[in-house]
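Visitor: Take the sequence shown: its letter number 100 is residue 109 in this note's numbering, and every next letter is one higher. Got a structure for you, questions after.
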Amino acid sequence: MDEDEPFEFFKGFSEIFVTVGLWLLFSGILAFGAVVGGGIGIAVTGMVLTWVFALYFTKKRRMSLPSISLAAGFGIFLGASVLFLLDATGANIDAWHLMVVGGVGMAGMLLYFRIFKLPFAMFVFGIFGLILIYAAMSAQGSSLPLYNFPQGLFDLSENSGLALGSLIFGFLAFALGIWFDTKDPHRISRYSATGFWLHLLAAPAIVNTVALTLYNSGGTSGYLLTALLLFVVTVISLIIDRRSFLTAGIGYLGAIIVWALSSNLGNSTSMVYTLLILGAFITALGTWWVQIRSWLMRLLPDFPFKDRFPPYIRGQYD
């Protein structure tokens, strides 16, 4: 059984070479637009060209890195086109206009995904979804105080609508990622890769929001609750066989270890031990991930969709 989450960023240096050429080309288009004052015309042209190039590099050649770059470029040009159109109305760009950008961007990237079957397109789809949710929260009076970052964005105790928006977005992206995962439990198709990109968005949104809120509550109870959350995150990561959630919590795990050791060892010594403990934990978990997951899945009782997650072989690693 494969121990890793299938992921392919590029297949060879030729893809890097082609991608560099594409972005030099599009940089030239943008520079030309800046000179002649093309505005909306340049944005639409860029959007059309990325689509046309994707017909060749994505649908025909199936090149990974150029396809990812073209999908990102299409999303950027699409968002810019909508902004230019809204600006042409003479109205000041506000949260409501950004909601339009987010909504149109989501629709455009969903169409892109349907046509090109590119998993990364759902990552860009998620980015537009995040813009939509943040804009909706901002329209209700929430704002992001730059002097209070990241608390203003992730700490629920700050009464920030953006923190609530991060949590809502995270759960929506997580649910969609699970939907794709359950369609491909053996992880042999694009559904699994699509789930990977969605979990990559969901993990920091959920873990940062909940963990930072608990950690900032302070005191022993706050740190212990954060540690409990990280334990739950580890269990969930093992069940769904996705390492992204655990990766998002590594910083908080390190902070908890520092807190636990600093009272007895001092700050400088505790940092050394924290690196050793954290490094040993991550290395061990990464090395014996499949064995630990197999043990955990055998230990857990049956629950809905348990058989729809990546299979584990009973007794193989005993």
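Yeah, the Cβ is synthetic: ideal placement off N, Cα and C, and Gly gets one too. Keep in mind it's a predicted model, so treat the numbers as computed, not measured.
(1) What does the alpha-carbon distance come out to for the pair F22 and F83?
(2) Taking the alpha helix (DSSP H) that W206 belongs to, which residues open and close that run?
(3) If you compare alpha carbons, which of Y200, A289, L107, I25 is closest to L262?
(4) According to DSSP, is I77 part of a helix, a strand, or is it coil?
(5) May I ask you to report which of helix, strand or coil DSSP gives G48?
(6) For the alpha helix (DSSP H) containing M72, list its first residue and its last residue.
(7) Does the count of Cβ pairs from the stretch 228-236 and the stretch 188-198 closer than 8 Å reach three?
(8) Which one of W304, A104, M131, K126 has the shortest CA to CA distance from A148?
(9) Ignore the nearest five residues each way along the sequence and tell me which others in V113's own chain have a CB closer than 6 Å to its CB.
(10) Under DSSP, the alpha helix (DSSP H) around F178 begins and ends at which residues?
(11) Have a look at G99 and A145 and give me their C-alpha separation to the nearest angstrom.
(12) Do the CB positions of T28 and F41 come within less than 9 Å of each other?
(13) Among K68, S73, L34, which one has its Cα closest to the Cα of L58?
(14) Can you tell me where the alpha helix (DSSP H) holding N235 begins and where it ends?
(15) Quick check: the Cα distance between L309 and L285, rounded to an integer number of angstroms?
(16) In its own chain, which residues sit with a C-beta less than 8 Å from the C-beta of E24, not counting the 5 before and 5 after it?
(17) Determine the direct distance from the alpha carbon of F314 to that of L221, and round the result to whole angstroms.
Guide: Taking the structure as given:
(1) Distance from the CA of F22 to the CA of F83, rounded to the nearest whole angstrom, comes to 23 Å.
(2) Unbroken alpha helix (DSSP H) run through W206: 199-225.
(3) The shortest C-alpha separation from L262 is found at A289.
(4) I77 falls in the helix class under three-state DSSP.
(5) In this structure, G48 counts as coil in the three-state DSSP scheme.
(6) Counting along the chain, M72 falls outside any alpha helix (DSSP H), and DSSP gives it neither H nor E.
(7) No, the stretch 228-236 does not touch the stretch 188-198.
(8) Across the set W304, A104, M131, K126, the C-alpha of A104 shows the shortest separation from the C-alpha of A148.
(9) Counting only residues of its own chain and dropping the five nearest sequence neighbours on each side, V113 has a CB closer than 6 Å to the CB of V91.
(10) Per DSSP, the unbroken alpha helix (DSSP H) holding F178 starts and ends at 170-191.
(11) Each residue's alpha carbon lies about 21 Å from the other.
(12) In this structure, F41 does not lie closer than 9 Å to T28 by Cβ.
(13) Ranking the options by Cα distance to L58, first place goes to L34.
(14) Per the sequence presented here, residue 235 reads as Thr, with Asn not at that position. First-last of the alpha helix (DSSP H) with T235: 228-249.
(15) L309 and L285: Cα-Cα distance of roughly 31 Å.
(16) Residues M72, S73, L74, P75 of the same chain have their beta carbon placed closer than 8 Å to that of E24, with the five preceding and five following residues left out of the count.
(17) Using only the alpha carbons, I get a separation of about 30 Å.
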